[in-house]
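Q: Here you go, one structure.
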Amino acid sequence: MSEDETKELTLETRLARLEEILARMESEEIELEEALKLFEEGVTHVREAERVLSETELKVEELLDDGSTRPVDADERDP
Amino acid sequence: MSEDGILDLFDDPEKPGASTGEGVEVSDEEVEERAEDPSSPEAPGASPGEPLEPKVWSVSQVNRAVRGLLEESVEPLWVGGEVGSWTRSRAGHCYFSLKDERAQLRAVMFSREARRLPTDPDEGTQIRVFGTLTLYEARGEYQLVARTVEAEGADGLWRKAFEELRARLETEGLLAAERKKPIPRYPRCVGVVTSPTGAALRDVISVLARRAPWSRILLAGSRVQGEGASTEIAAALRRLDASGRADVIIVGRGGGSLEDLWAFNEEPLARAIAACRTPVVSAVGHEVDVTISDLVADLRAPTPSAAAESVVPDGVALLRQLRNLPERLGRGLRRAGSRRREAVAERLLRLGRAMERVLTPLRQSVSLGADRLERRMLALAAARRSRLEGLGGRLEALSPLSTLARGYAVARRPDGRVMRSVDDLGPGTRFHLRVADGTVEAESLGPMEDGT
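Protein chains in written order, with this note's numbering: chain L, 40 to 118; chain A, 40 to 491.
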């Protein structure tokens, strides 16, 4: 998987892949070469997922009739 | 209702007869109109001072007058009874009769009110009707114009409509558990179909802002109660689904009365949810009753907040978990490394042992062979030596030199042949005589007498 492809992954795919990697890494029969490769991939996923998760501003948009979207501002949402 | 009271009958003597066409079929709409907005009753004049002629009323006048009396003098009221017959016209008006053991009452519910009925009551059902009494002038029949119909307690008709729709959807397999789509665990975009100004949206936003601020909310706004709300919610849901942007969709509203929530029990929304490609979480703010939307949706949440909680993970816990991962990955790697080292050591050891196993007998047999070889070679050499020595002796023994040394001599012809007989040595024969230390030329003088 190239760096670019890795960046495109959704959080869902990334975390699912991480679970796979962990299960594999924590199994008994893994070879050192594979473990090294998975370790590197895993760390990339952790880093990227963390980057995604550290977003702190929830975005709210409204889907308009023509299919475009319009941001809903925070003051608009508060009663 | 009408400002024209019964007294008008006598106040406007010159107006001609009734405006209603007798015997003319009237449409449902006309009926409604007339029922609600009667025109002024008209009556012929009654001339005072002419006592002989009896006053003659037209049928229309009478009906109009009685209708006025009824509408003026009877307040809107609740009437309880059994449904005798119930028909709904194409225009949506409901014509029915109410009865008890002794009597019957005709009733009508016009489409504007009938539209709000969740379903039609069955014949024989006990209902109560709130409405006003009036007279249908064209037929001279008095009737109850119903504004509200309730059956078996306030929820009866709702429950009946609910059960009917549920049964229909169930028959079509739309409620089957195997149709339920899995809810994504980490949605990027959460679609919300609800009122843009309602509490439901606020609740979802606040939960997502707290738990999953990295996600996005995509709102498709819609009215969530009132006439046509179900169709409107369904359209918003379809729009959101078609956009393909939401990973999961929450459709719902905050709590309210059964009637407020009714849109979520209606067919348009139920079918839209069933047809949705995106997983749908139904969240109608009511804890007790289940709605049709709940049944069709892929997941049911008791409130919009609960729906939001169920579609996104808790970000704080997730981050904490994530931060532990490099350590876990590292442990895995180290384990694999040490396993490898152990494996190498183990393999070396095994190799060594295997080599020993091969080498030891080899070494033994080699050294054994070498010993044997050495011994053999020594023996061979000794044998050869002794044989050489033997041969030497024998050669020496055979050598004529030793004989010569003892004083013998050998006579040989010039060609080397040994001369052994006196016959070979006639007188004058020249020959070589080999003695111990050399050879001399000699000539025979012939055989000797008595020579031995």
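Note that the Cβ used here is the ideal one computed from N, Cα and C, for glycine as well.
With respect to the alpha helix (DSSP H) encompassing Leu208 of chain A, which residues constitute its N-terminal and C-terminal limits?
A: Here residue 208 of chain A refers to the residue found at position 169 of the second sequence. Counting along the chain, the alpha helix (DSSP H) containing Leu208 of chain A begins and ends at 195-210.
Q: What's the call for Leu407 of chain A, buried or exposed, on a 16-neighbour Cβ count within 10 Å?
A: Walking along the second sequence from the start, residue 407 of chain A turns up at place 368. It counts as exposed.
Q: Express the C-alpha separation of Leu357 of chain A and Glu65 of chain L in angstroms, rounding to a whole number.
A: Working through the first sequence from its first residue, we reach residue 65 of chain L at position 26. Working through the second sequence from its first residue, we reach residue 357 of chain A at position 318. Approximately 20 angstroms, taken between the alpha carbons.
Q: Starting from Gln100 of chain A, trace the alpha helix (DSSP H) in both directions and tell me its first and last residue.
A: As a first step, residue 100 of chain A is located in the second sequence; it is residue number 61 there, counting from the start. 98-112 is the extent of the alpha helix (DSSP H) around Gln100 of chain A.
Q: Reducing DSSP to helix, strand and coil, say where Gly291 of chain A ends up.
A: As a position in the second sequence, residue 291 of chain A is number 252, starting the count at 1. Correct three-state label for Gly291 of chain A: strand.
Q: May I have the straight-line CA-CA distance separating Ala375 of chain A from Leu368 of chain A, to the nearest angstrom?
A: As a position in the second sequence, residue 375 of chain A is number 336, starting the count at 1. As a position in the second sequence, residue 368 of chain A is number 329, starting the count at 1. Approximately 11 angstroms between the Cα atoms of the pair.
Q: At a Cβ cut of 9 angstroms, what residues of the stretch 271-301 of chain A count as close to chain L, listed as they run along the chain?
A: Those residues of the stretch 271-301 of chain A that come within reach of chain L (Cβ to Cβ, closer than 9 angstroms) are Ala275, Arg278, Leu279, Ala281, Ser282, Arg284, Ala285, Asp286.
Q: Buried or exposed: where does Pro157 of chain A fall if 16 or more other Cβ atoms within 10 Å of its Cβ makes it buried?
A: As a working mapping, residue 157 of chain A is identified with position 118 in the second sequence. So Pro157 of chain A ends up on the buried side.
Q: Please state the DSSP three-state secondary structure of Met148 of chain A.
A: Within the second sequence, numbered from 1, the residue matching residue 148 of chain A stands at position 109. In the structure shown, Met148 of chain A sits in a strand (DSSP, three-state: E or B).
Q: Are the Cβ atoms of Thr187 of chain A and Val122 of chain A separated by less than 8 angstroms?
A: Along the second sequence, read from residue 1 onward, the residue named residue 187 of chain A stands at position 148. Along the second sequence, read from residue 1 onward, the residue named residue 122 of chain A stands at position 83. Contact flag unset, no.
Q: Tell me whether the stretch 261-269 of chain A and the stretch 232-244 of chain A touch, counting them as touching only if at least three CB pairs, one residue from each stretch, are closer than 8 angstroms.
A: Yes: at least three Cβ pairs fall under 8 angstroms.
Q: What do you reckon, are the CB atoms on Phe169 of chain A and Pro115 of chain A nearer than 8 angstroms?
A: By 1-based counting over the second sequence, the position of residue 169 of chain A is 130. By 1-based counting over the second sequence, the position of residue 115 of chain A is 76. For Phe169 of chain A and Pro115 of chain A, yes; Cβs fall inside 8 angstroms.
Q: In chain order, what residues of the same chain lie with their CB nearer than 7 angstroms to the CB of Gly131 of chain A, ignoring the 5 residues before and after it?
A: Stepping through the second sequence from its first residue, residue 131 of chain A is reached at position 92. Taken in chain order, the residues that qualify are Ser150, Ala153, Arg154.
Q: What runs of the beta strand (DSSP E), each 3 residues or longer, lie entirely inside the stretch 313-395 of chain A?
A: Entirely contained in the stretch 313-395 of chain A, the beta strand (DSSP E) runs reaching 3 residues are, in chain order, 319-323, 338-340.
Q: Rounded to the nearest angstrom, what separates Val383 of chain A and Ala409 of chain A at their Cα positions?
A: In the second sequence, counting from the first residue as 1, residue 383 of chain A sits at position 344. In the second sequence, counting from the first residue as 1, residue 409 of chain A sits at position 370. Using only the alpha carbons, I get a separation of about 36 angstroms.
Q: Given this structure, state the Cα-to-Cα distance separating Ser460 of chain A from Ala444 of chain A, to the nearest angstrom.
A: Counting from one through the second sequence, the residue named residue 460 of chain A turns up at place 421. Counting from one through the second sequence, the residue named residue 444 of chain A turns up at place 405. Cα to Cα, the separation comes out at about 22 angstroms.
Q: Does chain A have any CB closer than 8 angstroms to the CB of Thr108 of chain L?
A: As a first step, residue 108 of chain L is located in the first sequence; it is residue number 69 there, counting from the start. For Thr108 of chain L, the answer is yes, since a Cβ of chain A falls inside 8 angstroms of its Cβ.
Q: Note down the Cα distance separating Leu464 of chain A from Val479 of chain A, rounded to an integer number of angstroms.
A: To locate residue 464 of chain A, count along the second sequence from 1; it is residue 425. To locate residue 479 of chain A, count along the second sequence from 1; it is residue 440. When rounded, the distance between both Cα atoms is 16 angstroms.
Q: To the nearest angstrom, how far is the alpha carbon of Leu338 of chain A from that of Glu381 of chain A?
A: Position 299 of the second sequence, counting from 1, holds the residue named residue 338 of chain A. Position 342 of the second sequence, counting from 1, holds the residue named residue 381 of chain A. For Leu338 of chain A and Glu381 of chain A, the distance between alpha carbons rounds to 51 angstroms.
Q: So, using beta-carbon positions, are Leu300 of chain A and Thr270 of chain A closer together than 8 angstroms?
A: Residue numbering aside, residue 300 of chain A sits at position 261 when the second sequence is read from its first letter. Residue numbering aside, residue 270 of chain A sits at position 231 when the second sequence is read from its first letter. No, the pair does not count as a contact, with Cβ atoms beyond the cut-off.
Q: Can you check whether the CB of Gly293 of chain A is closer than 8 angstroms to the CB of Ala336 of chain A?
A: By one-based count along the second sequence, residue 336 of chain A stands at place 297. By one-based count along the second sequence, residue 293 of chain A stands at place 254. No, the Cβ-Cβ distance between Ala336 of chain A and Gly293 of chain A is not below 8 angstroms.
Q: How about Pro252 of chain A and Glu94 of chain L: are their beta carbons less than 8 angstroms apart?
A: For the purposes of this step, residue 252 of chain A is taken as residue 213 along the second sequence, with counting starting at 1. For the purposes of this step, residue 94 of chain L is taken as residue 55 along the first sequence, with counting starting at 1. Going by C-beta atoms, Pro252 of chain A is nearer than 8 angstroms to Glu94 of chain L.
Q: What do you get for Asn102 of chain A, buried or exposed, if any count of 16 or more other CB atoms within 10 angstroms of its CB means buried?
A: Position 63 of the second sequence, counted from the start, is the residue given in the question as residue 102 of chain A. Label assigned to Asn102 of chain A: buried.
Q: I'd like to know whether the C-beta atoms of Asp242 of chain A and Pro343 of chain A end up nearer to each other than 8 angstroms.
A: Against the second sequence, residue 242 of chain A aligns to sequence position 203. Against the second sequence, residue 343 of chain A aligns to sequence position 304. A contact, by the Cβ cut-off of 8 angstroms.
Q: Just grab the DSSP bridge partners of Ser136 of chain A for me.
A: The sequence position of residue 136 of chain A within the second sequence is 97, counting from 1. Ser136 of chain A pairs with A:Ser124, A:Arg145.
Q: On the DSSP bridge assignment, give the partners of Ala470 of chain A in chain order.
A: The residue given as residue 470 of chain A occupies position 431 in the second sequence. In the sequence as presented, Ala is not what sits at residue 470 of chain A; that position holds Phe. Its beta-bridge partners are A:Ala481.
Q: Quick check: the Cα distance between Ala422 of chain A and Gly455 of chain A, rounded to an integer number of angstroms?
A: For the purposes of this step, residue 422 of chain A is taken as the residue at position 383 of the second sequence. For the purposes of this step, residue 455 of chain A is taken as the residue at position 416 of the second sequence. Roughly 37 angstroms separates the two Cα atoms.
Q: Counting only the same chain and skipping the five closest in sequence on each side, list residues whose C-beta sits under 6 angstroms from that of Cys228 of chain A.
A: Position 189 of the second sequence, counting from 1, holds the residue named residue 228 of chain A. These residues qualify, in order along the chain: Arg255, Leu257, Arg284, Ala285, Asp286.
Q: Residues of chain L with CB closer than 9 angstroms to the CB of Arg255 of chain A, please, in chain order.
A: For the purposes of this step, residue 255 of chain A is taken as the residue at position 216 of the second sequence. Within 9 angstroms Cβ-Cβ: Leu97, Lys98, Val99, Glu100.
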